[in-house]
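Asks:
In the UniProt record's numbering, the protein residues as written are 1 to 478.
#1: The beta strand (DSSP E) that contains residue 158, what's its start and end?
#2: Relative to the C-alpha of residue 442, which candidate in 38, 145 and 122 has its C-alpha closest?
#3: Using a threshold of 8 Å, state whether the C-beta atoms of residue 124 and residue 57 are closer than that.
#4: Have a look at residue 380 and residue 406 and give me their C-alpha separation to the nearest angstrom.
#5: Quick check: the Cα distance between residue 270 and residue 104, rounded to an integer number of angstroms?
#6: Short of 6 Å in beta carbon distance, which residues of its chain neighbour residue 216, apart from the five on each side in sequence? Order them along the chain.
#7: May I ask you to report which of helix, strand or coil DSSP gives residue 136?
#8: For residue 387, which three-state DSSP category applies?
#9: For residue 205, list the residues DSSP reports as bridge partners.
#10: Please classify residue 3: does DSSP put it in a helix, a strand, or coil?
#11: Is there contact here, the stretch 301-308 with the stretch 235-245, by at least three beta-carbon pairs under 8 Å?
#12: Cα separation between residue 431 and residue 319?
#13: Can you check whether the CB of residue 23 is closer than 8 Å to the CB of residue 163?
#14: Check whether the stretch 452-459 touches the stretch 420-430, taking contact to mean three or more Cβ pairs, one atom from each stretch, closer than 8 Å.
#15: Would you call the stretch 402-420 and the stretch 351-371 touching, i.e. three or more CB-CB distances under 8 Å?
#16: Alpha carbon to alpha carbon, how far is residue 85 from residue 383? Give it in angstroms, no decimals.
#17: Looking at C-beta atoms only, is the number of pairs between the stretch 110-125 and the stretch 15-35 that lie closer than 8 Å three or more?
#18: Between which two residues does the beta strand (DSSP E) containing residue 452 stretch?
#19: Looking at C-alpha atoms only, which residue of 82, 91, 321 and 95 is the closest neighbour of residue 482?
#20: Taking its Cβ as the centre, do 16 or more other Cβ atoms sit within 10 Å of residue 362, making it buried, or is it exposed?
#21: For residue 409, which option in 436, 90 and 373 has the closest C-alpha, if you only look at C-alpha atoms?
#22: If you measure between the beta carbons of residue 263 and residue 300, is that distance less than 8 Å?
#23: Using only alpha-carbon positions, find the residue among 203, 199 and 66 that is nearest to residue 88.
#24: Give me the Cβ distance between residue 100 and residue 219, rounded to the nearest whole Å; I'm assuming they're in contact under 8 Å.
#25: Quickly, what does DSSP pair residue 306 with across the bridge? List them, please.
#26: Can you list, in chain order, the residues of its chain whose CB lies under 7 Å from that of residue 55, leaving out five sequence neighbours each side?
#27: Do residue 132 and residue 176 count as a contact pair if the criterion is CB distance below 8 Å?
#28: Measuring alpha carbon to alpha carbon, tell me which of 297, 404 and 147 ends up nearest residue 446.
#29: The alpha helix (DSSP H) that contains residue 109, what's its start and end?
#30: Is it the case that the Cβ atoms of residue 267 and residue 452 are separated by a distance below 8 Å?
#31: Let me know if residue 420 comes out buried or exposed under the rule of 16 or more other beta-carbons within 10 Å of its beta-carbon.
#32: When the Cα of residue 241 is compared with those of 48, 140 and 357, which residue comes out closest?
#33: Between the alpha carbons of residue 180 and residue 433, how many angstroms are there, rounded?
#34: Comparing alpha-carbon positions, which option in 284, 224, 313 and 250 lies nearest residue 169?
#35: Buried or exposed for residue 292, going by 16 or more other Cβ atoms inside 10 Å?
#36: In terms of residue numbering, what span does the beta strand (DSSP E) encompassing residue 425 cover?
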């Protein structure tokens, strides 16, 4: 629901592309584990009708220059701006937008949808052709807060349900393809054939969906880009890929992007929206041998998966990508995210989750907190504690130290100030290779991780000669 409301607001404002319909979207429902990772390219809407077709418009002609656009809020006035534009449509070729679910044999809408499956699906992430073979190119690029950023990967799915009598599609891009999702229909014994090949003399790889069974069977493949896939900084690190699809009746494919790997804070919104970009997108092997067609619709086939392998992070576990800000009163929004790992944020020691007013939180006391980390390069760890309980992290509340490359721990120290308020509060830890990127608690950093933590302050004991001593429990949240 949060993503839905956010994108509605952005479509009204369109801060990235004021003259274009910003309809590209993350799915809100479906069986997929990757709904928060895949930004689906959607098609067919125009600026004049985008209020009625917020996630694309079904069955609309697409031409050279047709585009899909996204304006994704990241908090604190920051936006990720993504665009994808069609070109080089083969002469005489006709392609149209397609909403999966319009054919009873579709499976894409079961895995990813907005509004429901079948005819209720509003996510128009398909491109279709009927009775012909059509080729075209799509070029994509992205900017974060006005600065070009590299897209992490490409997504391809069967949007309509291939038949076994001549329908196919394939996509060629500079990277590595792996099947990561599959809906089988073992009651139908017809094969679902996929082949991967390398384009001669290049680093480009083609995945070819050769034929299906036209019956609720479909696969989704992710591609991670090679470094050679990206254009220059001045070209916004643009990437291009080539598409061909053949329909005897109607054939449709769905295209999406793995945009950026971004870790975010999860303290209340008043503390701002830091953002850490991190490398580490990887795909586990789908066990498809290069150049050998593989039947995926069989009991013993298991697809690969999207895995995260960050190299610079806090605590014992690297960050998971966060599609939206995860503001929360208990600073557990990231850990409680149903699409991410639990207890991933563990750099702040358990012994410092609760502080006694008498033993620890007196004015003038020194606090020393040991923070574990893993880093591939020399870096910096910075943290803040909201001592004065004003809902912000301030320069006077900051502690910082170097973090040499490797696995280790650092000690962060604070002297409790005179203006501290004896109420439960929040801490933020930031870790990055470039110190200048994390001087503030809310900036964008090109590496590392951010963690937010809630600290309970256990109040002073109250004594009554007739009653046993008690400790007051804290009031939560500034």
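In this text, a Cβ means the ideal position worked out from N, Cα and C, and glycines have one as well.
Replies: The relevant details are as follows:
#1: Along the chain shown, read from residue 1 onward, the residue named residue 158 stands at position 158. Segment 153-158, the beta strand (DSSP E) holding residue 158.
#2: Position 442 of the chain shown, counting from 1, holds the residue named residue 442. Of the candidates 38, 145 and 122, the one whose C-alpha sits nearest the C-alpha of residue 442 is 145.
#3: Position 124 of the chain shown holds residue 124. Position 57 of the chain shown holds residue 57. Going by C-beta atoms, residue 124 is nearer than 8 Å to residue 57.
#4: Within the chain shown, the letter at position 380 stands for residue 380. Within the chain shown, the letter at position 406 stands for residue 406. In a straight line, the C-alpha of residue 380 is about 12 Å away from that of residue 406.
#5: Counting from one through the chain shown, the residue named residue 270 turns up at place 270. Counting from one through the chain shown, the residue named residue 104 turns up at place 104. So the two alpha carbons sit approximately 47 Å from each other.
#6: As a working mapping, residue 216 is identified with position 216 in the chain shown. So the list reads 105, 107 and 185, once near-sequence residues are dropped.
#7: Along the chain shown, one-based indexing puts residue 136 at 136. Three-state result, residue 136: strand.
#8: As a working mapping, residue 387 is identified with position 387 in the chain shown. If DSSP states are grouped into helix, strand and coil, residue 387 belongs with coil.
#9: Counted from its first residue, the chain shown places residue 205 at position 205. Answer is 173 and 198, bridged to residue 205.
#10: If you number the chain shown from 1, residue 3 lands on position 3. The pLDDT assigned to residue 3 is 35, lower than 50, so where the model puts this residue is not dependable, and the model offers no usable value.
#11: Contact between the stretch 301-308 and the stretch 235-245 is absent, because fewer than three Cβ pairs lie under 8 Å.
#12: Here residue 431 refers to the residue found at position 431 when the chain shown is read from its first residue. Here residue 319 refers to the residue found at position 319 when the chain shown is read from its first residue. C-alpha separation (whole angstroms): 12 Å.
#13: Here the question's residue 163 lines up with position 163 in the chain shown. Here the question's residue 23 lines up with position 23 in the chain shown. Going by C-beta atoms, residue 163 is not nearer than 8 Å to residue 23.
#14: The stretch 452-459, when compared against the stretch 420-430, does touch it at the 8 Å Cβ threshold.
#15: yes
#16: Residue numbering aside, residue 383 sits at position 383 when the chain shown is read from its first letter. Residue numbering aside, residue 85 sits at position 85 when the chain shown is read from its first letter. The alpha-carbon atoms of residue 383 and residue 85 are separated by roughly 42 Å.
#17: As far as the Cβ criterion goes, the stretch 110-125 touches the stretch 15-35, which means the pair count is three or higher.
#18: For this step, residue 452 is matched to residue 452 along the chain shown. Start and end: 449-458.
#19: This structure cannot settle anything about residue 482, because the visible part of the chain is limited to 1 through 478.
#20: On the chain shown, position 362 is the one that residue 362 refers to. Classification of residue 362: exposed, given that the 10 Å Cβ count is below 16.
#21: Counting from 1 along the chain shown, the entry for residue 409 is found at position 409. Checked all of 436, 90 and 373; the closest Cα to residue 409 is 373.
#22: Residue mapping note: residue 263 aligns to position 263 of the chain shown, counting from 1. Residue mapping note: residue 300 aligns to position 300 of the chain shown, counting from 1. Annotated as distal: residue 263 and residue 300, with beta-carbon spacing of 8 Å or more.
#23: Here the question's residue 88 lines up with position 88 in the chain shown. Out of 203, 199 and 66, 66 has the C-alpha closest to the C-alpha of residue 88.
#24: Along the chain shown, one-based indexing puts residue 100 at 100. Along the chain shown, one-based indexing puts residue 219 at 219. With a Cβ gap of about 13 Å, residue 100 and residue 219 do not count as contacting.
#25: Sequence index remark: in the chain shown, residue 306 carries index 306 (1-based). DSSP lists 283 as partners of residue 306.
#26: On the chain shown, residue 55 is found 55 positions in, with the first residue counted as 1. Excluding positions up to five away in sequence, the list reads 23, 25, 42, 114, 122, 123 and 124.
#27: Position 176 of the chain shown holds residue 176. Position 132 of the chain shown holds residue 132. Contact flag unset, no.
#28: As a position in the chain shown, residue 446 is number 446, starting the count at 1. Of 297, 404 and 147, the residue nearest in Cα terms is 147.
#29: Residue 109 sits at position 109 when you count from the first residue of the chain shown. 108-111 is the span of the alpha helix (DSSP H), which, as asked, contains residue 109.
#30: Counted from its first residue, the chain shown places residue 267 at position 267. Counted from its first residue, the chain shown places residue 452 at position 452. Yes. Within cutoff.
#31: In the chain shown, the residue the question calls residue 420 occupies position 420. When all chains shown are included, residue 420 counts as buried.
#32: For the purposes of this step, residue 241 is taken as the residue at position 241 of the chain shown. Residue 241 has its Cα closest to that of 140, out of 48, 140 and 357.
#33: Taking the chain shown and counting its residues from 1, one reaches residue 180 at position 180. Taking the chain shown and counting its residues from 1, one reaches residue 433 at position 433. Using only the alpha carbons, I get a separation of about 32 Å.
#34: What you label residue 169 is simply residue 169 of the chain shown in a count that begins at 1. Among 284, 224, 313 and 250, the Cα nearest to that of residue 169 is on 250.
#35: Reading the chain shown from its first residue, position 292 is the one you call residue 292. Exposure of residue 292 is indicated by the presence of fewer than 16 other C-beta atoms within 10 angstroms of its C-beta.
#36: Stepping through the chain shown from its first residue, residue 425 is reached at position 425. 425-432 is the extent of the beta strand (DSSP E) around residue 425.
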